[in-house]
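Peer 1: Per the numbering used here, the sequence shown starts with residue 6, numbered consecutively.
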Amino acid sequence: MSDKKYESLKIVNIVAAGVIADSIDLVELSNKVEGCELNTKRFPGAVYRIQEPKLASLIFSSGKIVLTGSRSNEALTEGLAIIIKSLNDAGIDTIKEPKVTITNMVCSYDLGIKINLNRVAVTFNVENIEYEPEQFPGLVYRIIDPKIVVLIFSSGKIILAGGKNLVDVKKAVDVLKHKLESIR
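Shown next, in the form of structure tokens:
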């Protein structure tokens, strides 16, 4: 993200999901791995949190995993490696090459300008916009390509959700900027 144009772009959260084992005995996992919680009355999977990098994982008996809380691809990869090592150290077999992919990337960005949300709501394609200032102070804009939802605030700050990679997130920023320039 060294590109000056995107210097205010920050990854807030990365969610990834995939398969790390053929099956996992969650009782054994929660008993052997410190920091791993299992409460099947409340949730069908084990919750395992690590502190460095800060990451939470939901681990299911099917061998599937959901990871959340990462703020970079590197931290996600490092965290997954730590989780797999913890499972292996506890005697739980995992597959050699886990298939885990990013399912959602949430980013923040500052456009650096104030935005008249009423004008945006009237000018943009109505089908892709939700704006109810009595309910929520931001405008929801659904970009079709790339498929990303943008929360736009009058301060010029935006939240982008639904991206699978930074290329799509940056493309969504460019689409939004172009659209906003057309109504100035």
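C-beta atoms are modelled at their ideal positions from N, C-alpha and C, and glycine is treated no differently.
For a quick check, are the C-beta atoms of threonine 99 and alanine 26 less than 7 angstroms apart?
Peer 2: A contact, by the Cβ cut-off of 7 angstroms.
Peer 1: Specify, as a first and last residue, the run of the alpha helix (DSSP H) that glutamate 33 falls within.
Peer 2: From DSSP, the alpha helix (DSSP H) with glutamate 33 extends over 31 to 37.
Peer 1: Between serine 7 and glycine 40, what straight-line distance do the alpha-carbon atoms span, to the nearest angstrom?
Peer 2: Model confidence at serine 7 stands at a pLDDT of 49, short of 50, so the residue's coordinates are unreliable and nothing is read from them.
Peer 1: How about alanine 61 and threonine 73: are their beta carbons less than 7 angstroms apart?
Peer 2: Yes, Cβ-Cβ distance for alanine 61 and threonine 73 is below 7 angstroms.
Peer 1: Where does the unbroken alpha helix (DSSP H) through valine 178 begin, and where does it stop?
Peer 2: Note, valine 178: alpha helix (DSSP H), 171 to 186.
Peer 1: Mind pulling the beta strand (DSSP E) runs of 3 or more residues that sit fully within the stretch 28 to 116?
Peer 2: The qualifying runs are 41 to 43, 51 to 55, 60 to 64, 69 to 75 and 104 to 115.
Peer 1: Any idea if isoleucine 70 is buried or exposed, counting beta-carbon neighbours within 10 angstroms, 16 or more meaning buried?
Peer 2: It is buried - the Cβ of isoleucine 70 has at least 16 other Cβ atoms within 10 Å.
Peer 1: Helix, strand or coil for alanine 166, going by three-state DSSP, please let me know.
Peer 2: Reduced to three states, the DSSP call for alanine 166 is strand.
Peer 1: Taking Cβ to Cβ, would you say valine 155 is nearer than 7 angstroms to isoleucine 163?
Peer 2: Cβ distance < 7 angstroms, so valine 155 and isoleucine 163 count as in contact.
Peer 1: For the stretch 100 to 112 and the stretch 40 to 59, state whether three or more C-beta atom pairs, one from each stretch, are separated by less than 8 angstroms.
Peer 2: Output reads no: the stretch 40 to 59 does not touch the stretch 100 to 112.
Peer 1: Would you call the stretch 111 to 129 in contact with the stretch 142 to 157, where contact means no fewer than 3 C-beta pairs closer than 8 angstroms?
Peer 2: The answer is yes - the stretch 142 to 157 touches the stretch 111 to 129, with three or more Cβ pairs under 8 angstroms.
Peer 1: Using a Cβ-Cβ cutoff of less than 6 angstroms, which residues in the same chain neighbour leucine 92 once the five nearest sequence positions on both sides are dropped?
Peer 2: Once the five neighbours on either side are set aside, the close Cβ partners of leucine 92 are Thr99.
Peer 1: So, helix, strand or coil for valine 24, using DSSP?
Peer 2: Three-state result, valine 24: strand.
Peer 1: Taking asparagine 130 as the reference, give the member of Lys119, Asp115, Tyr146 and Ile118 with the closest Cα.
Peer 2: Closest option to asparagine 130, Cα to Cα, is Tyr146.
Peer 1: For the beta strand (DSSP E) that leucine 144 lies in, which residues bound it at each end?
Peer 2: Note, leucine 144: beta strand (DSSP E), 144 to 148.
Peer 1: Kindly indicate which residue of Asp115, Ser77 and Ile120 has the alpha-carbon position closest to the one of lysine 10.
Peer 2: Cα-wise, what sits closest to lysine 10 is Asp115.
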